[in-house]
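Novice:
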Amino acid sequence: QGVWEMMKAFDEPHLAANEEIQNIGARINHLLHSEEVDDVEVRVRQYSDGHNGAEVVVRVPANSTMRDVRLAVSKVLYSDDVLRQGKLVRKLGELLMRYEDDELL
Numbered sequence: 039q040g041v042w043e044m045m046k047a048f049d050e051p052h053l054a055a056n057e058e059i060q061n062i063g064a065r066i067n068h069l070l071h072s073e074e075v076d077d078v079e080v081r082v083r084q085y086s087d088g089h090n091g092a093e094v095v096v097r098v099p100a101n102s103t104m105r106d107v108r109l110a111v112s113k114v115l116y117s118d119d120v121l122r123q124g125k126l127v128r129k130l131g132e133l134l135m136r137y138e139d140d141e142l143l
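FYI, in our numbering the residues of the sequence shown are 39 to 143.
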């Protein structure tokens with residue numbers, strides 16, 4: 039339980055903008071999920087003001103969390119904003135439901 043709480047701390051605003059800290063978090067996360075698993079392709083589309091935007095495709099281990107997906111997207115886009123401000127959501131009817139960072143794919 040303590041390790042999972044520590045991993046959530048990596049999303050704190052003062053840590054999310056620090057690339058070195060995020061890299062350490064990614065390495066720890068990888069060790070926690072290091073069993074042999076296949077990678078999966080995840081498509082992430084920007085959604086703003088009711089309109090779809092650009093789409094990004096990332097490959098992550100099948101046992102990844104949503105935070106891992108955000109980290110992968112931030113690396114592809116060379117943008118810390120994804121980690122600091124980005125949210126992963128799914129559309130349910132007319133509503134957007136946010137994924138929590140610790141949710142598994």
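No residue lacks a Cβ here, since even glycine has one placed at the ideal position from N, Cα and C.
It should be emphasised that the depicted structure is a prediction, and the values quoted were computed from it without experimental measurement.
Count the other CB atoms within 10 Å of the CB of L109; is the residue buried (16 or more) or exposed (fewer)?
Specialist: When all chains shown are included, L109 counts as buried.
Novice: Should Q60 be labelled buried (16 or more other beta-carbon atoms within 10 Å of its own) or exposed?
Specialist: Label assigned to Q60: buried.
Novice: Using the Cβ count rule (16 or more neighbours within 10 Å means buried), how would you classify A54?
Specialist: With 16 or more Cβ atoms within 10 Å of its Cβ, A54 is classed as buried.
Novice: Between L143 and the rest of its own chain, which residues show a CB-CB distance below 6 Å, the 5 nearest in sequence each way excluded?
Specialist: So the qualifying residues of the chain are S102.
Novice: List, from N- to C-terminal side, the beta strand (DSSP E) runs of 3 residues or more that fit wholly inside the region 56-103.
Specialist: The qualifying runs are 77-86, 89-99.
Novice: Are the CB atoms of E57 and D118 nearer to each other than 8 Å?
Specialist: Result yes, Cβ atoms of E57 and D118 sit closer than 8 Å.
Novice: Who are the near neighbours of V94 in its chain, counting only those whose CB is closer than 7 Å to its CB and skipping five residues on each side?
Specialist: Closer than 7 Å at Cβ, skipping near neighbours: V82, V111, V114, L115.
Novice: CA-CA distance, R122 and H52?
Specialist: If you take the alpha carbons of R122 and H52, they lie about 9 Å apart.
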